[in-house]
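What follows is a single structure, written as structure tokens, with notes after it.
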Amino acid sequence: MKRRWSSFSEWLDQRTGVQTAVRQFLYEEIPASSGWHQIFGSVAMFLFLVQAFTGALLAFNYAPTPGDAYNSVRYILTELTGGRLIRGLHHWGASMMIVVVVLHMVQVFLWGAYKKPREATWMVGVVLLLVTLAYGLTGYLLPWDNRAYWGTVVTTRIAGSAPIVGPYLTRLLGGGGAVGVVTFARFYGMHVLLLPPATILLIALHVFLVRKHGVAPAPGDELRSREKFFPAQVFKDTVAIFAAFAILYTLALVARVPLEQLADPTDPSYVPRPEWYFLFLFQTLKLFPGPLEVVGSVVLPGLAVLTLILVPFLDRGQLVKVTKRTFAIGVVVLAAIGWGGLTARAVATTPKPQVAEIDYSAPTDWLQLTPQEMAGIAYFRQEHCVSCHAVGDGSSKLGPDLTQNTIHKDAAWMIQHFKRPSAMRPGTAMPPIQLSDAQLNSLAAFLLKLTPANASALGNAPDFATAGALVYQASQCGSCHMVNGNGMKIGPPLNGLAQRRSRNWVEEHFVNPDALSPGSIMPPYSLSAKDMANLTAYLFSLRDTGASQ
Amino acid sequence: MDGPTAPATDGITRRNFYVGAIYGIGALIAAALGIPAAVYLLLPPKIRQADQWIEIGDVTSLSPDSPTEMTFRHNRVDGWKVTSENTAAWVIKHADNSVTAFGPQCTHLGCAYHWDDTKSEFICPCHNSLFSIDGKVMAGPAPRPLDRYETRIDGKKLLIGRLMVPERQA
Numbered sequence: 001m002k003r004r005w006s007s008f009s010e011w012l013d014q015r016t017g018v019q020t021a022v023r024q025f026l027y028e029e030i031p032a033s034s035g036w037h038q039i040f041g042s043v044a045m046f047l048f049l050v051q052a053f054t055g056a057l058l059a060f061n062y063a064p065t066p067g068d069a070y071n072s073v074r075y076i077l078t079e080l081t082g083g084r085l086i087r088g089l090h091h092w093g094a095s096m097m098i099v100v101v102v103l104h105m106v107q108v109f110l111w112g113a114y115k116k117p118r119e120a121t122w123m124v125g126v127v128l129l130l131v132t133l134a135y136g137l138t139g140y141l142l143p144w145d146n147r148a149y150w151g152t153v154v155t156t157r158i159a160g161s162a163p164i165v166g167p168y169l170t171r172l173l174g175g176g177g178a179v180g181v182v183t184f185a186r187f188y189g190m191h192v193l194l195l196p197p198a199t200i201l202l203i204a205l206h207v208f209l210v211r212k213h214g215v216a217p218a219p220g221d222e223l224r225s226r227e228k229f230f231p232a233q234v235f236k237d238t239v240a241i242f243a244a245f246a247i248l249y250t251l252a253l254v255a256r257v258p259l260e261q262l263a264d265p266t267d268p269s270y271v272p273r274p275e276w277y278f279l280f281l282f283q284t285l286k287l288f289p290g291p292l293e294v295v296g297s298v299v300l301p302g303l304a305v306l307t308l309i310l311v312p313f314l315d316r317g318q319l320v321k322v323t324k325r326t327f328a329i330g331v332v333v334l335a336a337i338g339w340g341g342l343t344a345r346a347v348a349t350t351p352k353p354q355v356a357e358i359d360y361s362a363p364t365d366w367l368q369l370t371p372q373e374m375a376g377i378a379y380f381r382q383e384h385c386v387s388c389h390a391v392g393d394g395s396s397k398l399g400p401d402l403t404q405n406t407i408h409k410d411a412a413w414m415i416q417h418f419k420r421p422s423a424m425r426p427g428t429a430m431p432p433i434q435l436s437d438a439q440l441n442s443l444a445a446f447l448l449k450l451t452p453a454n455a456s457a458l459g460n461a462p463d464f465a466t467a468g469a470l471v472y473q474a475s476q477c478g479s480c481h482m483v484n485g486n487g488m489k490i491g492p493p494l495n496g497l498a499q500r501r502s503r504n505w506v507e508e509h510f511v512n513p514d515a516l517s518p519g520s521i522m523p524p525y526s527l528s529a530k531d532m533a534n535l536t537a538y539l540f541s542l543r544d545t546g547a548s549q
Numbered sequence: 001m002d003g004p005t006a007p008a009t010d011g012i013t014r015r016n017f018y019v020g021a022i023y024g025i026g027a028l029i030a031a032a033l034g035i036p037a038a039v040y041l042l043l044p045p046k047i048r049q050a051d052q053w054i055e056i057g058d059v060t061s062l063s064p065d066s067p068t069e070m071t072f073r074h075n076r077v078d079g080w081k082v083t084s085e086n087t088a089a090w091v092i093k094h095a096d097n098s099v100t101a102f103g104p105q106c107t108h109l110g111c112a113y114h115w116d117d118t119k120s121e122f123i124c125p126c127h128n129s130l131f132s133i134d135g136k137v138m139a140g141p142a143p144r145p146l147d148r149y150e151t152r153i154d155g156k157k158l159l160i161g162r163l164m165v166p167e168r169q170a
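Those sequence lines, one after another, are chains A and B. Using this note's numbering, read the first sequence as starting at 1 and increasing by one per residue. Using this note's numbering, read the second sequence as starting at 1 and increasing by one per residue.
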């Protein structure tokens with residue numbers, strides 16, 4: 001078997017040269033000082049491959065137009081098995097890639113590995129860093145949620161404010177300052193058609209240059225015998241790749257990537273924030289008010305990039321040991337402090353959102369429930385029903401699965417059963433539920449809505465919403481108002497309230513309706529601060545029934 | 001035992017360890033990415049829409065044992081979109097007032113077939129599959145009888161449910 005394989009590989013090598021090429025690549029000689037500090041380039045390349053792979057998988061179920069993008073992302077997240085993992089890998093992979101590319105650059109900078117004759121390798125590397133950032137910028141828009149939309153509005157305005165080229169950049173990015181279908185198409189085209197081949201070409205050039213000049217030696221290497229790239233250094237690279245992959249995979253599994261509500265250009269309350277790695281630029285902008293803004297938005301970043309590119313020509317001294325490169329170490333420390341300070345300041349000054357954010361990356365069927373059914377969820381949680389009942393997840397527990405419609409009777413029967421379980425089902429181990437009739441009614445209404453298909457989607461109802469629904473029920477708002485088609489029409493229907501009124505207005509209106517809507521027959525409500533917050537947050541989560549779900 | 005051969009064997013085992021780890025980690029990463037990718041692409045999406053019954057017409061207007069093509073609109077879930085589209089059913093009212101409704105596509109390659117009154121057979125024009133009035137294959141390449149819709153009669157109204165396609169039932 002082994003002989004047959006070797007004769008085949010010989011045959012293949014004579015015709016393609018592939019084995020010889022691989023051998024030459026692997027048995028390349030590297031300096032004796034090579035080691036763990038040189039793993040970052042390989043990790044960056046690996047992360048690029050993960051991004052390409054997961055990006056292609058996402059594209060298989062993604063509709064690249066503003067009309068459909070959001071729905072298709074939700075489809076990937078909520079309906080496709082593994083969709084959340086794939087998107088998680090792509091999302092966190094983007095962040096990790098930036099981290100690793102920067103670490104790679106810092107290492108090369110600290111060791112002075114850009115010195116003659118490796119200046120071109122360094123400059124190609126700087127371009128690769130910019131390309132990586134361009135992926136982040138263009139990919140940010142693609143989910144087309146509020147975050148994506150507003151973030152891109154700001155980005156395109158900054159590009160437009162550049163001196164001389166500003167108007168042309170605006171045109172290039174697809175429009176007169178408005179983010180719409182054209183901008184979307186341009187960003188998508190850049191993200192998937194232009195940048196990947198550019199990256200592949202640049203990586204090929206970068207690696208070719210690394211090979212041409214050899215891995216950069218450290219002082220003293222000329223006295224030591226050279227080593228082979230394979231297997232010792234490849235092993236170190238592989239271990240580092242594995243560590244990076246393990247972190248990425250854990251993030252993708254554990255840290256949920258949120259999806260905000262569909263992009264809403266009319267939303268006045270939204271505070272846009274860029275991705276974390278652009279926050280320092282965002283904060284820099286604030287240091288230059290008024291006509292100086294262009295200094296922070298274009299001049300300083302431009303100078304920084306130019307300086308980076310010119311690093312090999314600014315530092316032309318003799319190669320010394322990394323521990324003796326105090327100036328370089330100082331530059332890195334100062335840059336880290338500057339970056340960290342600006343980022344921390346930007347994070348600290350981020351205002352709390354006015355409206356409780358709903359995570360649309362999970363099914364949000366609960367948004368269609370009536371306030372009564374929502375209150376039922378609150379009682380359902382309060383009474384710990386799941387300690388004895390399964391809810392469509394197939395687990396075997398003491399009581400029956402509550403999603404099975406064979407146990408769904410009418411509400412009157414269920415209320416009697418809640419009060420005295422053994423009277424309706426002799427021999428049952430279920431304890432009586434100590435709630436009022438109205439409360440039991442809510443619980444029954446919710447349970448009747450449960451099916452195996454919607455159980456987990458209804459379970460996603462956030463606590464602020466169920467608590468808000470409790471206040472809604474207790475205050476009997478439904479005797480005058482309508483929510484999700486349920487209730488009376490004496491007062492205005494409450495769906496879409498967030499689009500019509502500010503949070504302050506609503507809260508003041510509870511206290512003194514007559515002052516804000518003269519002639520209103522709504523009585524004043526004195527609610528506790530917590531009840532007020534929950535009720536308002538709940539009402540603000542109710543979308544206009546005509547809009548997206 | 002610390003003869004001159006010891007460093008050599010040490011070198012070989014260390015080399016073997018390196019190579020084994022490189023391949024092992026590579027395989028692990030490939031599996032951790034490949035398996036979710038296969039699942040993501042191959043498993044059907046979770047169905048979150050309950051089946052609906054659609055009213056398609058008046059049963060009393062049908063003459064017995066005479067197939068009639070009835071068109072209706074239904075909501076088709078197509079990935080992330082729900083499209084409302086026209087589709088058809090061949091409906092036969094039997095002597096006992098029960099109703100059968102066939103899906104409008106030939107079970108061979110999906111062409112639209114029609115009822116030929118003179119021959120009393122369903123004829124598919126593409127490859128000449130012939131079906132009897134109860135949907136059985138009489139001739140041609142069709143691999144299975146015509147697909148049926150679930151049907152229900154509510155007073156005079158004929159309601160139509162899911163199309164029972166053998167592969168999808170599994």
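All C-beta atoms, glycine included, are put in the ideal place defined by N, C-alpha and C. All values reported here derive from a predicted model rather than from experimental measurement.
Asked	Found
Within-7 Å CB hit, Tyr18 of chain B to chain A	yes
Runs of beta strand (DSSP E) wholly within the segment 428-516 of chain A (minimum 3 residues, chain order)	none
Thr343 of chain A - DSSP class collapsed to helix/strand/coil	helix
Cα-Cα separation, Arg211 of chain A to Ala243 of chain A	25 Å
Against chain B: residues of the segment 72-98 of chain A by CB proximity under 9 Å	Ser72, Val73, Arg74, Tyr75, Ile76, Thr78, Glu79, Leu80, Thr81, Gly82, Gly83, Leu85, Ile86 and Leu89
Pairwise C-alpha distance: Gln38 of chain A and Gly20 of chain B	21 Å
DSSP state of Gln105 of chain B mapped onto helix, strand, coil	strand
Phe25 of chain A - containing alpha helix (DSSP H), residue span	Val18 to Leu26
Own chain, CB closer than 6 Å to Trp92 of chain A, minus 5 neighbours either side, in chain order	Leu248, Leu251 and Ala252
Under 8 Å (Cβ pairs) to chain A, residues found in the segment 62-93 of chain B	Gly79, Trp80 and Lys81
According to DSSP, residues forming a beta bridge with His127 of chain B	Answer by DSSP bridge pairing: none, since His127 of chain B is not bridged.
Residue span of the beta strand (DSSP E) that contains Arg72 of chain B, given as start and end	As written in the sequence, residue 72 of chain B is Phe, which differs from the Arg given in the question. Looking at the DSSP string, the run of the beta strand (DSSP E) that includes Phe72 of chain B is Thr68 to Asp78.
Interface partners of Lys175 of chain B on chain A, CB under 9 Å	Within the shown structure, residues of chain B are numbered from 1 to 170, placing residue 175 of chain B beyond reach of any answer.
Residues of the segment 221-255 of chain A whose Cβ lies closer than 8 Å to any Cβ of chain B, in chain order	Pro231, Ala232, Val234, Phe235, Thr238, Val239, Ile241, Phe242, Phe245 and Tyr249
Complete runs of the beta strand (DSSP E) confined to the segment 279-332 of chain A [at least 3 residues]	none
Contact set between the segment 29-49 of chain A and chain B, restricted to residues whose Cβ is under 9 Å from the partner	Phe46
Chain-ordered neighbours of Phe53 of chain A on chain E, where CB pairs are closer than 7 Å	Protein chains A and B are contained in the structure displayed, whereas chain E is not.
Beta-ladder partner(s) of Trp53 of chain B, from DSSP	According to DSSP, Trp53 of chain B bridges with nothing at all.
Which of helix, strand or coil DSSP assigns to Val82 of chain B	strand
Where the alpha helix (DSSP H) through Pro47 of chain A begins and ends	The amino acid occupying residue 47 of chain A in the given sequence is Leu; Pro does not appear at that position. Phe40 to Ala59 is the extent of the alpha helix (DSSP H) around Leu47 of chain A.
Anticipated Cβ contact below 8 Å, Ala263 of chain A with Asn146 of chain A, distance rounded	6 Å
Chain A contact for Ile22 of chain B (CB, 7 Å cutoff)	yes
Closer than 7 Å to chain A by CB, Ile12 of chain B	no
Touching by the beta-carbon criterion (3+ pairs, under 8 Å), the segment 311-323 of chain A and the segment 109-122 of chain A	yes
Inter-stretch contact (C-beta, 8 Å, three-pair minimum) for the segment 280-296 of chain A and the segment 119-134 of chain A	no
Rounded straight-line distance, which links the Cα of Ile358 of chain A to that of Ala547 of chain A	Since pLDDT at Ala547 of chain A reaches only 39, below the 50 mark, its modelled position is unreliable, and the value read off the structure follows with that caveat. Going from the Cα of Ala547 of chain A to the Cα of Ile358 of chain A covers about 15 Å.
Distance, Ile415 of chain A Cα to His408 of chain A Cα	12 Å
Which of helix, strand or coil DSSP assigns to His94 of chain B	coil
Exposure label - Cys111 of chain B; buried when at least 16 CB within 10 Å	exposed
Proximal chain B residues relative to Asp68 of chain A, where beta-carbon distance stays under 8 Å	Trp80 and Lys81
Beta-carbon contacts of Met532 of chain A that lie in its chain and below 7 Å, excluding the five residues immediately before and after	Glu507 and Phe510
Contacts that Arg15 of chain B makes with chain A (C-beta to C-beta distance below 7 Å)	Pro231
Cut-off 6 Å between Cβ atoms - residues of its own chain near Pro217 of chain A, not counting five sequence neighbours on either side	Pro31
Chain B contact residues for Ala63 of chain A, given Cβ-Cβ distances below 9 Å	Gly79, Trp80 and Lys81
Reference Arg420 of chain A; option with closest CA among A:Ala412, A:Leu342, A:Ile433 and A:Leu450	A:Ile433
Euclidean distance between Cα positions of Ser34 of chain A and Arg15 of chain B	17 Å
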